[in-house]
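So the protein lines, in turn, are chains L and G.
Each number in the working numbering corresponds to the 1-based position in the first sequence with 597 added.
Each number in the working numbering corresponds to the 1-based position in the second sequence with 70 added.
Using N, Cα and C, we set each Cβ at its ideal position, and we do this for glycine too.
Just so it is clear, the structure is predicted and the values come from calculations on it, not from any experiment.
What follows is a short report on a single structure.
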Amino acid sequence: MTRIDALTGNECVAEAVRLCSPDIIAAYPITPQSVVVEVLASMKANGQLKSKIVDVESEHSSMSVVKGAAMLGKRVFTATAGQGLAYMYEPYFSMSTMRFPMVMTLACREMISPGTVWCGLQDALSVRDAGWMQIFCENNQEILDMVIQGYKIAENHDVLIPMNVCYDGFYLSHQTERVEIPDQEQVDAFLPPIDLPQYLDVNHPAIVDPNTVGSYLIRYREDHLKCMQTAKKVIREVNDEFAEKFGRNWGGLIGSYRLEDADYVLVTIGATTGAARVVVDAWREKGVKMGLLKIRAVRPFPEEEIAEALKGRKAYGVIDRSVCFGWNRGIIAMETFAALGKAGVCLPGLSFVGGLGGLDLRTEYVDKAAGMIVEAAKGAIPAGETFWMNEDFL
Amino acid sequence: MNTVDFLNSREDLLSPGISACQGCMAELSLRVILKVLGEKTVLVVPPGCMAGAAVGGWNKSLGTKIPAAMPQLGNSASMLAGIKAAYDLVDPDVHCLAYAGDGGTADIGLQALSAAAERRDNIIYVCNDNEAYMNTGFQKSGTTPHGARTSTTPVGSVGRGKVNFKKDVPMMMAMQNTAYVATLTPAYMNDFVEKVQKAATIKDGLVYLHVLNPCPTGWGTKPENSIAYARAAVQSRYFLLYEYRNYEFTVSAPTKNIREPKDVTEFLQKQKRFAHLDEQDYEEVRRVVNSRWENLKKLAGL
Chain L
598 MTRIDALTGN
608 ECVAEAVRLC
618 SPDIIAAYPI
628 TPQSVVVEVL
638 ASMKANGQLK
648 SKIVDVESEH
658 SSMSVVKGAA
668 MLGKRVFTAT
678 AGQGLAYMYE
688 PYFSMSTMRF
698 PMVMTLACRE
708 MISPGTVWCG
718 LQDALSVRDA
728 GWMQIFCENN
738 QEILDMVIQG
748 YKIAENHDVL
758 IPMNVCYDGF
768 YLSHQTERVE
778 IPDQEQVDAF
788 LPPIDLPQYL
798 DVNHPAIVDP
808 NTVGSYLIRY
818 REDHLKCMQT
828 AKKVIREVND
838 EFAEKFGRNW
848 GGLIGSYRLE
858 DADYVLVTIG
868 ATTGAARVVV
878 DAWREKGVKM
888 GLLKIRAVRP
898 FPEEEIAEAL
908 KGRKAYGVID
918 RSVCFGWNRG
928 IIAMETFAAL
938 GKAGVCLPGL
948 SFVGGLGGLD
958 LRTEYVDKAA
968 GMIVEAAKGA
978 IPAGETFWMN
988 EDFL
Chain G
71 MNTVDFLNSR
81 EDLLSPGISA
91 CQGCMAELSL
101 RVILKVLGEK
111 TVLVVPPGCM
121 AGAAVGGWNK
131 SLGTKIPAAM
141 PQLGNSASML
151 AGIKAAYDLV
161 DPDVHCLAYA
171 GDGGTADIGL
181 QALSAAAERR
191 DNIIYVCNDN
201 EAYMNTGFQK
211 SGTTPHGART
221 STTPVGSVGR
231 GKVNFKKDVP
241 MMMAMQNTAY
251 VATLTPAYMN
261 DFVEKVQKAA
271 TIKDGLVYLH
281 VLNPCPTGWG
291 TKPENSIAYA
301 RAAVQSRYFL
311 LYEYRNYEFT
321 VSAPTKNIRE
331 PKDVTEFLQK
341 QKRFAHLDEQ
351 DYEEVRRVVN
361 SRWENLKKLA
371 GL
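Given below as structure tokens:
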């Protein structure tokens, strides 16, 4: 029986991990993710969690421990945020390029400096080219559902790539929402046990991850990138199967709201999507065909879906909670521009950067951005401009 | 069975012949350790001499007859902890062994090692101490001794080699009550083999073996003298052989039985890395060597 509860995003992660029952968990607490580690420890203490927990002293070690366990084909889990992800970067890159599947949740956090512990997507998005899949969630239910889906996608033998399930720190990690928690039988029926070889087998000696010549390495990379493209199909299929079995459809690589006949499109990622839904409704009431495109997958990047979703519109604007240094834009804006350019889809697009360091991305800000998108369609604002949602924005 | 017969009776699990530099003690030590632990062993070797030479393999073939994995430089202990956690679900009797250099141990890997010891992960962690980052061209490490010339502590009109003293990692590991700590060197093979055999029986935590392996290439010594230098290091008390378990220190026979210690110059002289040292430097080394010995005696109740 599905249980209905009021949980924070962090608690949703722990519930989902319990249901997926990894063999080994190693995680180091860091704001704003700490509650994930605390709840898992408490589940273990209460006999509700089968997994072995290795209590590590750093994120470098958490990823190293799970990488070691993955060498024996085990299901593993870790979670981190911000500086922890930065500290973990070395084994993080190696985990994906060894093609060990796992789920790691990120309670996304702004990067230092200046000193901050608050929300931002800069941590996850800065490592979008480290070989992992990255899915961004809008609410707590989506977090819970994506951890479960994440294992199924990552462990698919045509994929074998680890996945980050990312969610806005504090805004989701600490916010309580109504969630539906599936029961163990439902999850077991959806998520088969991990089925991978034991690479470090004393009966079949092999060397794992030795120095490798470039002529081999380039083939590994080529295969990795191809499988990342295959993952698009698998993400959609797993989404559809999940929707059928659990009754919740998150859209796969992208989500949308009142997009079908929209002239103007707000493009969002993560929890900001909630504010954008309210703004879309307000503009629709005024008789303006505003719509919403929610980017769920950043790796693999759904270039085809985005080009298809924006083709034929009058203008769009991307709201980013991160910056793309050297481009004077947000990261998702740059990725979107690239997807449209490749597809030959040409329409005015704006980049809005806001919500950095925990700043609230208020509906007033998103509302003003929507108005500017309408202006851009008329040519009143030059396409490609960047606007900073700071205190002077309104 | 004596040590020679015992070792002869055991299968050699490492590359045949010599795959490292002539006179390499690191390869000899690893070969003996693998002979003692046997084929139900999984080996982790971070970047360093043994990853580059003996273990990494040649021409798409393995360098060992047991499975091996290469971690990064700083995560041998943590990655091996994960391997062990997984092996506990498959076959808890498999030895999980790390063979890391002094840089990967005393410097960048120390945090992960200390945490694994605190968790009492049942892994065997061996530090191959040749007193610098030898594989990449003799850069200074935390265990490089005072005065040694390395490529990052050069000798010049002002520089006189490493200014500070060798980091005492085995003592650090003992002080955090690691399940079993021992110091070894291949000049005393009975002692060496006994300690590795004992390591294989420890099931209640992390085993830390600190092996002093003379490195002719890095130390500037003749390959045929490697064992002699290892012996001189012990006989001058430059390198102390002891064990630690359950809050008890035991001084090992080769060190305990020294009647007249040799002067440290027996060890220091003729090594090119120490060629610039003068009597004042020797005196400084004597002072540190004596202090360490006095300290160990107190700890061991001698």
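Between Y684(L) and S770(L), the alpha-carbon positions lie close to 21 Å from each other.
When the alpha-carbon of H821(L) is set against those of D755(L), W924(L), A872(L), K965(L), the nearest one is in D755(L). Residue state for D765(L) is assigned as strand, using DSSP reduced to three classes. Contact annotation: the region 182–189 of chain G does not touch the region 201–219 of chain G, with fewer than three C-beta pairs closer than 8 Å.
Restricting attention to K649(L), K664(L), V895(L), Y813(L), the CA atom closest to the CA of Q719(L) is found in V895(L).
Close to Q181(G), with beta-carbon spacing below 7 Å, are these residues of chain L in chain order: E654, S655. Apart from sequence neighbours up to five positions away, the residues of its chain that approach R833(L) with a beta-carbon distance below 6 Å are G849, ordered along the chain.
Residues of chain G with a Cβ closer than 7 Å to the Cβ of K664(L) are, in chain order, M149, G152. Scanning chain G for C-beta atoms nearer than 9 Å to the C-beta of I815(L) yields nothing, as the closest lies near 17 Å away. Annotated three-state conformation of N607(L) is helix, per DSSP. Residue-level contact check: T335(G) does not touch chain L, since none of the beta carbons of chain L fall below 8 Å from its beta carbon. At least one beta carbon of chain L lies nearer than 8 Å to the beta carbon of Q142(G). By the criterion of a C-beta distance shorter than 8 Å, V831(L) is surrounded in its chain by I750, N753, D755, V756, once the five residues flanking it on both sides are discounted.
When the beta-carbon positions are compared, Y861(L) and K842(L) stay at least 8 Å from each other.
Judged by DSSP in its simplified three-state form, R959(L) adopts coil rather than helix or strand. Counting every other CB atom within 10 Å of its CB across the protein chains shown gives S211(G) a total of 16 or more, marking it as buried. Excluding residues up to 5 positions away in sequence, Y684, M685, E687, P688 lie with their Cβ nearer than 7 Å to the Cβ of H657(L) in the same chain.
Taken atom to atom, the span from the alpha-carbon of K135(G) to that of V112(G) is near 10 Å. Q181, A182, S184, A185, A186, E188, R189, D191: these are the residues of the region 172–198 of chain G whose beta carbon lies less than 9 Å from some beta carbon of chain L, given in chain order. In this structure Q142(G) is in contact with S691(L), their Cβ atoms being roughly 7 Å apart against a cut-off of 8 Å.
Annotation: the continuous alpha helix (DSSP H) that includes C119(G) extends over 119–122. Looking at the DSSP output, M245(G) sits in no beta bridge, so it has no partner there.
Looking at the backbone, the Cα of D957(L) and that of D878(L) are separated by about 20 Å. In the three-state reduction of the DSSP assignment, D620(L) falls in the coil class, being assigned neither a helical nor a strand state. Taken through DSSP and simplified to helix, strand or coil, K891(L) comes out as strand.
For A252(G), the enclosing beta strand (DSSP E) begins and ends at 250–254.
The C-beta separation of E81(G) from K110(G) comes to about 12 Å, leaving the pair out of contact by the 8 Å criterion. Taking the beta carbon of K110(G) as reference, the chain L residues within 9 Å of it are V799, listed in sequence order.
At least one beta carbon of chain G lies nearer than 8 Å to the beta carbon of I621(L). Taking a Cβ-Cβ cut-off of 8 Å, the neighbours of S691(L) in chain G comprise Q142, given in sequence order. With its beta carbon less than 8 Å from one in chain L, G127(G) belongs to the interface. Residue burial is scored here from C-beta neighbours: I892(L) has at least 16 other C-beta atoms within 10 angstroms and is therefore classed as buried. Spatial neighbours of A252(G) in its own chain (CB-CB distance under 6 Å, excluding positions within 5 residues in sequence) are listed in chain order as K265, L279, E313.
The DSSP-derived three-state label of Y684(L) is helix. For Y854(L), the number of other beta carbons within 10 angstroms of its own is at least 16, and it is reported as buried.
In the three-state scheme derived from DSSP, where H, G and I count as helix and E and B as strand, D191(G) is classed as coil.
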